[in-house]
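Colleague: Numbered according to the numbering used here, the sequence shown spans residues 209 to 931. Positions of the beta carbon are idealized from the N, C-alpha and C atoms, including for glycine.
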Amino acid sequence: MESMIRAVLAMLALILFGLTAAAAPPKAARSDYWAFQTPAPQAVPSNPSPWIRTAVDAFLLDKLQAKNLEPSPELGKQMLVRRLYLDLWGLPPTPEQVDAFVNDRSPRAYEELVERLMASPHYGERWAQKWLDVVRYADTNGFEGDKLRPQAWRYRDYVVRSFTEDKPYDRFVQEQIAGDELFAGDDQALIATGFLRAGPRHVVGGNTDPEMLRQELMVEMTAGVGSAFLGLTVQCARCHDHKFDPILQADYYQLQAFFAPVTLEEVSIASPEEVAAYEQAKAAHEARLEPIQKTLKEMEKPWHDKAYEINKQNLEPALKAALDKPEEQRSEEEKQLASDAKSQAKVAWYDMLAVMPADIKAERAQLRRKLHAIELEAPTPPRAAFAVGNTDKEPPITHILAIGDYQHPLGEVQAEFLSAVPDFGLEVPGGAAGRRAALARWLTHPQHPLTARVMVNRIWQFRMGAALTDDPNNFGLLGAASPSQPELLDYLATQFVDLGWSVKAIDRMIVLSSAYRQAVATDEAKAKIDPDNKLYWRANRVRLSGEQIRDQALAVTGKLNLAVGGEPVLVPIEPEIYDLIFTEGEPDNLWPVTPDPESHHRRSLYLLNKRTVRLPLLANFDQPDTMSSCAVRSRSTHALQSLTLLNSDFIQDASKAFAERLAGACGQDDKTCQAELAWRLSLSRRPNDVERTLAVEFLSDPDTRLQDFCLALLNRNELVYRP
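1) Name the two residues that bound the continuous beta strand (DSSP E) containing His607.
2) How should Gln305 be labelled, buried or exposed, when 16 other C-beta atoms within 10 angstroms of its C-beta is the threshold for buried?
3) Is the beta carbon of Leu277 less than 8 Å from the beta carbon of Trp745?
4) So, for Asn828: in the same chain, excluding its five sequence neighbours on each side, which residues have a beta-carbon less than 8 Å away from its beta-carbon?
5) Just mark Tyr318 as buried or exposed, buried being the case when its beta carbon has 16 or more other beta carbons within 10 Å.
6) Per DSSP, what kind of secondary structure is Arg649 in: helix, strand or coil?
7) If we require 4 or more residues per run, which alpha helix (DSSP H) segments fall completely within the segment 846-898?
8) Tell me whether Phe957 is buried or exposed, calling it buried when 16 or more other Cβ atoms sit within 10 Å of its Cβ.
9) Under 8 Å, with one C-beta from each stretch per pair, do the segment 530-550 and the segment 561-572 reach the 3-pair mark?
10) Take the Cβ of Leu914 as the centre, count every other Cβ of all protein chains shown within 10 Å, and call the residue buried at 16 or more, exposed below.
11) In angstroms with no decimal places, state the Cα-to-Cα distance between Gln183 and Arg751.
12) State the DSSP-derived secondary structure class of Arg405, mapped to helix, strand or coil.
13) Quick one, are the C-beta atoms of Val475 and Ala593 less than 8 Å apart?
14) Return the chain-ordered list of same chain residues with a C-beta closer than 6 Å to the C-beta of Val705, the five sequence neighbours on each side being excluded.
15) Which word fits Ser908, buried or exposed, when buried means at least 16 other C-beta atoms lie within 10 angstroms of its C-beta?
16) Using DSSP bridges, identify the partner residues of Ala593.
17) Tell me which residue opens and which closes the beta strand (DSSP E) that Pro617 is part of.
18) Helix, strand or coil: which one does DSSP assign to Thr834?
19) Per DSSP, which residues does Gly810 bridge with? Please list them.
20) So what's Arg577 in DSSP terms, helix, strand or just coil?
21) Report the residue from Leu634, Leu294, Val343 and Val801 whose alpha carbon sits nearest the alpha carbon of Gly786.
22) Inspect the CB distances between the segment 852-861 and the segment 348-367 and report whether three or more fall short of 8 Å.
23) Which term fits Lys502, buried or exposed, when burial requires 16 or more other beta carbons within 10 angstroms of its beta carbon?
24) For Gln273, report the span of its alpha helix (DSSP H) as first-last.
25) Pick helix, strand or coil for Tyr163, following the three-state DSSP scheme.
26) Check whether the Cβ atoms of Arg422 and Asn349 lie closer than 8 Å to each other.
27) Would you identify the three-state DSSP class for Glu794, choosing helix, strand or coil?
28) Who are the near neighbours of Leu707 in its chain, counting only those whose CB is closer than 6 Å to its CB and skipping five residues on each side?
29) In the DSSP output, what is Thr348 paired with across the bridge?
30) Around the Cβ of Thr416, are there at least 16 other Cβ atoms within 10 angstroms (buried) or fewer (exposed)?
31) Where in the segment 439-520 do unbroken runs of the alpha helix (DSSP H), each at least 4 residues long, occur, reported from the N-terminal end onward?
32) Within 10 angstroms of the Cβ of Thr677, are there 16 or more other Cβ atoms? Answer buried if so, exposed if not.
33) Measure the alpha-carbon distance for Ala232 versus Leu456 and round it to whole angstroms.
34) So who's on the other strand from Asn598, going by DSSP bridges?
Here it is as structure tokens:
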């Protein structure tokens with residue numbers, strides 16, 4: 209029935225679209241929708257108000273005063289420094305860092321702090337977390353097998369480095385789209401092309417049609433570029449012309465054609481000396497594994513054979529008879545039966561263990577533990593780029609597909625830019641090489657209507673807690689029909705290009721503004737006029753991400769490992785989470801915990817991001833599933849969040865370490881010191897009189913523990929929200 213319905217739908221599509229598809233694809237009329245017009249330079253509103261610190265304030269105040277609204281008061285210095293650290297680094301400030309800023313009376317104390325924070329690699333780490341959400345980065349493929357991508361983490365480190373160094377955004381885009389074509393010989397540019405492979409990938413064997421898998425890859429690449437750089441839902445034109453935006457179905461496949469020549473490659477970027485050293489270490493490591501593997505194989509063979517005979521005896525008579533018959537004497541039907549019989553009689557690990565005596569089973573388990581321990585000591589493979597290249601053959605032809613079905617191709621198309629956006633006189637090569645380079649140049653043309661707007665909107669959203677459009681990934685009619693501050697958006701976009709596509713320049717303009725420094729105020733009269741705070745009369749209330757909550761807990765305890773970059777870390781996980789890991793083999797060593805316990809305290813950015821297995825603390829606080837681009841994380845509130853913050857092994861361990869830190873600094877008996885230090889470490893402020901009194905009373909009760917006090921403090925609502 210399903211195949212019949214599929215055939216009928218395809219036939220209808222052929223009838224509806226087939227006649228026009230055979231001819232040259234139609235061109236969309238140039239759209240008069242605002243997002244497809246080149247941003248126009250905007251004059252900064254003239255206003256003598258002393259509240260105005262940057263151009264951002266002038267635009268916002270102009271709109272506020274038009275509605276008879278005034279900005280909210282500025283945040284106090286203690287909370288302002290906390291906000292800055294949480295926003296720019298993703299970490300809370302230490303008491304010493306708070307004191308240094310509060311006691312600095314120089315007129316440029318704030319500006320100098322911003323510069324110090326932006327100069328740190330922790331600034332790049334904070335931005336990387338945001339960008340990796342957008343490009344749906346993970347360390348594994350996803351789907352059933354969810355296989356590890358051993359070298360993918362180099363792309364994550366590339367992103368950290370790019371934001372830290374303030375790489376011009378046009379170069380950042382070009383490297384990710386076509387680093388191999390535009391910057392040959394640049395290892396970092398090659399690593400950057402991992403962007404095109406960042407999404408999930410369905411890796412299956414058997415009789416799966418390779419064209420289906422290729423089409424899935426093309427769909428991922430096209431949608432990824434559309435979301436990240438164009439801010440458009442181009443994938444909505446895969447089956448038909450876009451229902452809301454000026455994107456034809458032909459546009460979609462013309463955009464897809466830029467990626468038709470792409471091949472997935474692991475490109476060595478290691479020196480010959482590195483490769484030779486690795487091969488030597490690998491041989492030595494395999495020599496350690498070989499005797500254990502041989503012993504295991506010899507130990508398992510008789511029980512494997514016994515299990516096979518049992519499985520064989522349980523076959524249906526016809527299957528067993530065909531299998532027992534000599535191969536050369538089997539008829540065609542019996543050959544098929546014998547093949548089915550072998551499949552059904554195949555021995556799984558649990559079949560073998562079911563017939564293995566307990567003593568041998570225990571000895572085998574001990575050997576496997578020894579084997580896995582040695583496996584963890586495997587030498588690190590030589591450096592390679594998880595990248596893309598171009599086929600050295602004729603690239604596949606790209607067709608418009610009826611209802612997006614690769615089995616029903618319609619008219620052929622060539623790689624061309626979106627018809628609703630000018631081509632700026634750029635040409636697209638006809639062969640395999642150079643297509644993506646042309647696309648990268650088009651995307652980063654200074655007059656492109658979307659690229660700069662989309663990125664400055666992301667910067668604004670990241671700093672101010674809400675974007676200037678409804679959906680940062682959709683500048684089309686459904687996501688950005690009415691920007692809250694259109695003049696400001698265009699001002700930022702044109703400034704972005706004029707300032708050399710500098711992310712830090714726009715970020716700095718926002719962070720130095722008075723608007724950014726406002727408190728999260730409540731005012732019923734103002735809220736009636738602007739309930740959604742579109743005019744930014746106050747700061748938005750922003751909850752920390754799960755990654756920030758985890759990193760903050762480690763920072764508070766003094767255990768946070770601030771090492772930057774490197775291979776992903778596997779931290780210990782609960783048995784219930786381990787059981788979620790899919791395998792067709794024996795379920796041991798599916799999550800080989802990184803041996804160095806110090807690495808378990810690294811920032812969450814560096815933890816292994818497995819698409820099918822997420823850490824409860826991160827997942828419960830709305831970590832994206834990385835199967836699609838995420839521009840704005842969900843902000844749910846549910847009981848599992850409270851339960852996780854109370855009962856998870858991680859939080860329990862953190863509260864214990866926090867208590868040990870307080871006791872070590874204050875001694876066991878100085879309850880006032882413990883309370884004071886606890887507040888300063890966790891909340892960046894001193895407790896008020898009521899809080900101090902209650903804390904000392906609680907800590908003085910002989911029936912309570914310092915660890916319980918620390919656990920309660922780590923569960924404060926104040927701790928999971930930006931001030």
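Modeller: Once the coordinates are examined:
1) In the DSSP annotation of this structure, the continuous segment of the beta strand (DSSP E) that includes His607 starts and ends at Thr606 to Leu609.
2) It counts as buried.
3) At the C-beta level, Leu277 and Trp745 come within 8 Å of one another.
4) These residues qualify, in order along the chain: Gly754, His846, Leu848, Gln849 and Thr852.
5) When all chains shown are included, Tyr318 counts as buried.
6) If DSSP states are grouped into helix, strand and coil, Arg649 belongs with the helices.
7) The segment 846-898 contains these whole alpha helix (DSSP H) runs: 847-855, 857-874 and 879-891.
8) Nothing about residue 957 can be read from this structure; the chain reaches only from 209 to 931.
9) Flag = no, the segment 530-550 and the segment 561-572 do not touch.
10) With 16 or more other Cβ atoms within 10 Å, it is buried.
11) Look at the range of the chain in this structure, 209 to 931, and you will see that residue 183 is not part of it.
12) Residue state, collapsed to three classes: helix.
13) In this structure, Val475 places its C-beta atom within 8 Å of the C-beta atom of Ala593.
14) Residues of the same chain with a CB within less than 6 Å of the CB of Val705, apart from the 5 flanking positions on each side, are Pro654 and Ala660 in chain order.
15) That one is exposed.
16) Beta-bridge pairing links Ala593 to Val475.
17) For Pro617, the enclosing beta strand (DSSP E) begins and ends at Pro617 to Val621.
18) The three-state reading of DSSP puts Thr834 in coil, since its state is none of H, G, I, E or B.
19) Going by the sequence as given, residue 810 is Arg instead of Gly. Answer is Asn769, bridged to Arg810.
20) Looking at Arg577 - three-state DSSP - the assignment turns out to be helix.
21) Here residue 786 is Tyr; the residue named in the question, Gly, does not match the sequence. The shortest Cα separation from Tyr786 among Leu634, Leu294, Val343 and Val801 belongs to Val801.
22) Under the 8 Å Cβ criterion, the segment 852-861 does not count as touching the segment 348-367, having fewer than three qualifying pairs.
23) Classification for Lys502: exposed.
24) Residue range Ala263 to Ala274 is occupied by the alpha helix (DSSP H) that includes Gln273.
25) The displayed coordinates of the chain run from 209 to 931. Any statement about residue 163 would go beyond what the structure contains.
26) In terms of Cβ geometry, Arg422 and Asn349 do not form a close pair [threshold 8 Å].
27) DSSP, read as helix, strand or coil, puts Glu794 in coil.
28) The answer, listed in chain order, is Ala713.
29) Looking at the DSSP assignment, Thr348 forms a beta bridge with Leu356.
30) Exposed, because fewer than 16 other Cβ atoms sit within 10 Å of the Cβ of Thr416.
31) Scanning the segment 439-520 from its first residue to its last, the whole alpha helix (DSSP H) runs of 4-plus residues come out as 457-464.
32) It is buried - the Cβ of Thr677 has at least 16 other Cβ atoms within 10 Å.
33) Model confidence at Ala232 stands at a pLDDT of 44, short of 50, so the residue's coordinates are unreliable; what they give is reported in the following sentence. Using only the alpha carbons, I get a separation of about 13 Å.
34) According to DSSP, which records beta bridges pairwise, Asn598 is partnered with Val470.
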